[in-house]
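In order, the protein sequences belong to chains A and B.
Numbering of the first sequence is given in my numbering, commencing with residue 4 and proceeding in unit increments.
Numbering of the second sequence is given in my numbering, commencing with residue 4 and proceeding in unit increments.
There are 2 protein chains.
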Amino acid sequence: MMIINSIDKLRDVLDAQRANHKTIGLVPTMGFLHQGHLSLMQCAKRDTDFVVVSIFVNPTQFGPNEDFEAYPRDLKRDAERCDSVGVDVIFAPEVSEMYPEQASTFVSCEGAITRTLCGASRPGHFKGVTTVVAKLFNIVQPDKAFFGQKDAQQVVIIEKMVRELNMRLQIVPCPIVREADGLAMSSRNTYLSETARKEALVLSQSLAEANRLIQSGERDPEAIINVMRKTIETAPSAQIDYIQIVDGRNLEDLKTLKGEVLIALAVKIDQTRLIDNLRLTLPA
Amino acid sequence: MMIINSIDKLRDVLDAQRANHKTIGLVPTMGFLHQGHLSLMQCAKRDTDFVVVSIFVNPTQFGPNEDFEAYPRDLKRDAERCDSVGVDVIFAPEVSEMYPEQASTFVSCEGAITRTLCGASRPGHFKGVTTVVAKLFNIVQPDKAFFGQKDAQQVVIIEKMVRELNMRLQIVPCPIVREADGLAMSSRNTYLSETARKEALVLSQSLAEANRLIQSGERDPEAIINVMRKTIETAPSAQIDYIQIVDGRNLEDLKTLKGEVLIALAVKIDQTRLIDNLRLTLPA
């Protein structure tokens, strides 16, 4: 496995693979890799011939009061994990390699799709994401790129960007990976104290309850959200950012549950903002 | 020569060329082709193996009160002209092929570079340009793309977009082509009445005067602009939008002429907005 910091060097390596008719898979990450990331790499190994994992904590997707500096980093451990699942290249550029000048070219999805859910409390976040992902796509030119469904809104936005800008690759969304007790894997889980770690279970528990209600026939979003809110409020330090039930294709709020349904939530446990979600396909 | 309307069909044709190790050149145009466009195609023929000319009057780069509907179109004549210089493919998509959904993903260069010169009186114009050009680059995946220096600001912005988004192609700017009497070629010249056509000569005449002043040692932008303004004002119907002398790399106003200099102007003659410019390299 190679670790490459330079865009030019990476392109040379990938050109050689393409010349051999190898398909290329990209797993974009911010590092501090957990089992969720590893499952994306395993998907990529299965679907493509040559797998690139990018590890880049992208400053432009963090707000001024967010955790860019504090975001956990451990390239050595990340490299071991990538190697263990057969990744071919880690692309780990410095910020100066990705943004050599004051960046002023942006790719953005406008409209409700980036203002709802996480977009409401993280203005500018998705503009940073689409811009860096577009850059990574242009650098790697992958046949397929793999994203975790935990960032459900990100997946919908990136699929829209790819479609609307005619980018020539396939986006492969991969299922959420959870700890044994249900907590969705996240690099930010490392911020949680022992107490907060226990309280954090209310996120996945509230989704499980929503699922039970829906399986027993409930179709009213407000009724479901109310039950979820009560569950979450059992955690003393929980602060709900949002609980929303939206159309899984365009993220518009649903008045009644049908078709592609996305139940998404963001909750602060202590100081740590966590997200989780559930996707369901119901009769239209 | 093929005329192709469909993105998928175009990609099939281009993939076959790439499989044969042919390099691909793209000349993006809005059609109603004149000698200026043909010179871009000739550059493309010289520099690449397989030349695609896109003909697409892009609605998103026209303002609400601009001439999108009136913009001249003549695909039959355009096809003859392309054929005469050995173009391989015309890509002439419908608006619905380029924008199948309400477009909400945009590529934009922010900051002064898109607000100065034409950006001041055409808000949103360059956002439309960078978005459609990014789409065309993703559709065609050319090795090189050819743009006329008449749209000097457009060239600088597109080069910036390519650099900052790590797009993998080379931008080739090509010289302005002029009528025998000096008027820069433009599809919009067709709007000019006989009288206006004569008055329009003040644009190139003012640039020639600026050049004479600079060759005789003048380095003060205000002095040069004043002389240019007087020349332009000899045309009774001329309304100056801007005359600016800027750094040719970043389009920032120059206090004294040195290095890469761009003298650019936009003038309305009757109802027709015309642009022209002169690039010079002076001692730093």
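Each residue gets a CB set at the ideal place from its N, CA and C atoms; glycine is no exception.
It should be emphasised that the depicted structure is a prediction, and the values quoted were computed from it without experimental measurement.
What are the start and end residues of each continuous alpha helix (DSSP H) run of 4 or more residues lying completely inside the region 89-165 of chain A, in chain order? 98-101, 115-118, 121-124, 128-143, all fully within the region 89-165 of chain A.
May I ask you to report which of helix, strand or coil DSSP gives residue 41 of chain A? As a first step, residue 41 of chain A must be located in the first sequence, where it is residue number 38. Helix, per DSSP.
Determine the direct distance from the alpha carbon of residue 258 of chain A to that of residue 203 of chain A, and round the result to whole angstroms. Mapped onto the first sequence, residue 203 of chain A falls at position 200. Mapped onto the first sequence, residue 258 of chain A falls at position 255. Residue 203 of chain A and residue 258 of chain A: Cα-Cα distance of roughly 28 Å.
Does the beta carbon of residue 32 of chain A sit closer than 8 Å to a beta carbon anywhere in chain B? What you label residue 32 of chain A is simply residue 29 of the first sequence in a count that begins at 1. For residue 32 of chain A, not one C-beta of chain B is nearer than 8 Å to its own C-beta.
Chain-order list of residues whose beta-carbon lies under 8 Å from that of residue 146 of chain A (same chain, five-residue window excluded): Against the first sequence, residue 146 of chain A aligns to sequence position 143. Excluding positions up to five away in sequence, the list reads 26, 27, 28, 51, 172, 173.
For residue 60 of chain A, which residues in the same chain have their Cβ closer than 8 Å to its Cβ, ignoring the five residues on either side in sequence? In the first sequence, residue 60 of chain A corresponds to position 57, counting from 1. 33, 34, 71, 74, 76, listed in sequence order.
Where the beta strand (DSSP E) through residue 55 of chain A begins and ends: By 1-based counting over the first sequence, the position of residue 55 of chain A is 52. Segment 53-58, the beta strand (DSSP E) holding residue 55 of chain A.
Output yes if chain A places a C-beta closer than 8 Å to the C-beta of residue 100 of chain B; else output no. Working through the second sequence from its first residue, we reach residue 100 of chain B at position 97. At a cut-off of 8 Å, the C-beta of residue 100 of chain B has no neighbouring C-beta in chain A.
Here's the rule: buried if 16 or more other CB atoms are within 10 angstroms of the residue's CB, otherwise exposed. What is residue 12 of chain B? Taking the second sequence and counting its residues from 1, one reaches residue 12 of chain B at position 9. Classification of residue 12 of chain B: exposed, given that the 10 Å Cβ count is below 16.
Report the three-state DSSP secondary structure of residue 29 of chain A (helix, strand or coil). For the purposes of this step, residue 29 of chain A is identified with residue 26 of the first sequence, where counting begins at 1. DSSP places residue 29 of chain A in strand when its eight states are reduced to three.
For residue 111 of chain A, decide whether its Cβ has a neighbour in chain B, counting only Cβ atoms nearer than 8 Å. Sequence index remark: in the first sequence, residue 111 of chain A carries index 108 (1-based). Closer than 8 Å: yes.
For residue 239 of chain A, does the count of other Cβ atoms within 10 angstroms reach 16, so buried, or fall short, so exposed? Against the first sequence, residue 239 of chain A aligns to sequence position 236. Classification for residue 239 of chain A: exposed.
Count Cβ pairs between the region 242-257 of chain B and the region 120-137 of chain B that sit closer than 8 Å; are there 3 or more? Counting Cβ pairs under 8 Å, three or more are found: they touch.
How far does the alpha helix (DSSP H) with residue 231 of chain B in it extend, from its first residue to its last? Position 228 of the second sequence holds residue 231 of chain B. 224-235 is the extent of the alpha helix (DSSP H) around residue 231 of chain B.
Quick check: residue 191 of chain A and residue 275 of chain A, are their CB atoms within less than 8 Å of each other? The sequence position of residue 191 of chain A within the first sequence is 188, counting from 1. The sequence position of residue 275 of chain A within the first sequence is 272, counting from 1. Cβ atoms of residue 191 of chain A and residue 275 of chain A: closer than 8 Å.
Same chain, Cβ closer than 6 Å to residue 39 of chain A, neighbours up to 5 away in sequence not counted: Within the first sequence, the letter at position 36 stands for residue 39 of chain A. Taken in chain order, the residues that qualify are 151, 180, 188.
Would you mind telling me which residues of chain B sit closer than 9 Å to residue 171 of chain A, beta carbon to beta carbon, in chain order? The residue you call residue 171 of chain A lines up with position 168 of the first sequence. Taking a Cβ-Cβ cut-off of 9 Å, the neighbours of residue 171 of chain A in chain B comprise 14, 141, 142, 144, given in sequence order.
Could you work out which residues of chain A lie near residue 164 of chain B, taking near to mean beta carbons separated by less than 9 Å? For the purposes of this step, residue 164 of chain B is taken as the residue at position 161 of the second sequence. Simply 108.
Selected residue, minimal CA-CA separation from residue 212 of chain A, among A:197, A:23, A:45, A:231: By one-based count along the first sequence, residue 212 of chain A stands at place 209. The residue with the shortest Cα to Cα distance from residue 212 of chain A is A:231.
Looking only at DSSP bridge pairs, what is residue 177 of chain B linked to? The residue given as residue 177 of chain B occupies position 174 in the second sequence. For residue 177 of chain B, which the question treats as bridged, DSSP gives the partners B:151.
Using a beta-carbon distance below 8 Å, is residue 167 of chain B in contact with chain A? Position 164 of the second sequence, counting from 1, holds the residue named residue 167 of chain B. Residue 167 of chain B counts as touching chain A.
Mind checking who residue 48 of chain B pairs with in its DSSP beta bridge? The residue labelled residue 48 of chain B in the question sits at position 45 within the second sequence. Answer is none; residue 48 of chain B lacks a bridge partner.
Rounded C-beta distance between residue 57 of chain A and residue 139 of chain A? I'm assuming under 8 Å. As a working note, residue 57 of chain A is residue 54 in the first sequence. As a working note, residue 139 of chain A is residue 136 in the first sequence. Rounded, the Cβ-Cβ distance is 6 Å, consistent with contact.
Less than 8 Å between CB atoms is the rule here; does residue 104 of chain A satisfy it with respect to chain B? Here residue 104 of chain A refers to the residue found at position 101 when the first sequence is read from its first residue. Closer than 8 Å: yes.
What are the partner residues of residue 23 of chain B, as DSSP defines its beta bridges? On the second sequence, position 20 is the one that residue 23 of chain B refers to. Per DSSP, none; premise fails for residue 23 of chain B.
Check whether the Cβ atoms of residue 237 of chain B and residue 270 of chain B lie closer than 8 Å to each other. The residue given as residue 237 of chain B occupies position 234 in the second sequence. The residue given as residue 270 of chain B occupies position 267 in the second sequence. For residue 237 of chain B and residue 270 of chain B, no; Cβs fall outside 8 Å.
Enclosing beta strand (DSSP E) for residue 83 of chain A [first to last residue]: On the first sequence, residue 83 of chain A is found 80 positions in, with the first residue counted as 1. Where residue 83 of chain A is concerned, there is no enclosing beta strand (DSSP E), although the alpha helix (DSSP H) around it starts and stops at 78-87.
Buried or exposed (CB count within 10 angstroms, at least 16 for buried), residue 301 of chain B: Outside the displayed range of chain B (4 to 287) lies residue 301 of chain B, so it cannot be described from this structure.
So that I know if they touch, is there some Cβ in chain B lying closer than 8 Å to that of residue 10 of chain A? Indexing the first sequence from 1 puts residue 10 of chain A at position 7. The beta carbon of residue 10 of chain A sits closer than 8 Å to some beta carbon of chain B.
Sequence-distant residues of its chain with Cβ nearer than 8 Å to residue 82 of chain B (five each side left out): If you number the second sequence from 1, residue 82 of chain B lands on position 79. Excluding residues within five positions, the ones whose Cβ falls inside 8 Å are 4, 6, 93.
Per DSSP, which residues does residue 279 of chain A bridge with? Please list them. Sequence index remark: in the first sequence, residue 279 of chain A carries index 276 (1-based). Residue 279 of chain A pairs with A:268.
For residue 254 of chain A, is the classification buried or exposed, using 16 other Cβ atoms within 10 angstroms of its Cβ as the cut-off for buried? Here the question's residue 254 of chain A lines up with position 251 in the first sequence. Residue burial is scored here from C-beta neighbours: residue 254 of chain A has at least 16 other C-beta atoms within 10 angstroms and is therefore classed as buried.
Residue burial classification, residue 286 of chain A (beta-carbon count within 10 angstroms, cutoff 16): Here residue 286 of chain A is taken as the residue at index 283 of the first sequence, counted from 1. Here residue 286 of chain A is exposed, its C-beta having fewer than 16 other C-beta atoms within 10 Å.
Establish whether the CB of residue 138 of chain A and some CB of chain B are separated by less than 8 Å. Taking the first residue of the first sequence as 1, we reach residue 138 of chain A at position 135. Yes, residue 138 of chain A counts as interfacial toward chain B.
Taking residue 19 of chain B as the reference, give the member of B:170, B:249, B:144 with the closest Cα. Counting from 1 along the second sequence, the entry for residue 19 of chain B is found at position 16. When only C-alpha atoms are compared, the closest one is B:144.
Residue 149 of chain B and residue 46 of chain B closer than 8 Å at C-beta: The count along the second sequence starts at 1 and reaches residue 149 of chain B at position 146. The count along the second sequence starts at 1 and reaches residue 46 of chain B at position 43. Yes, they are a contact pair.
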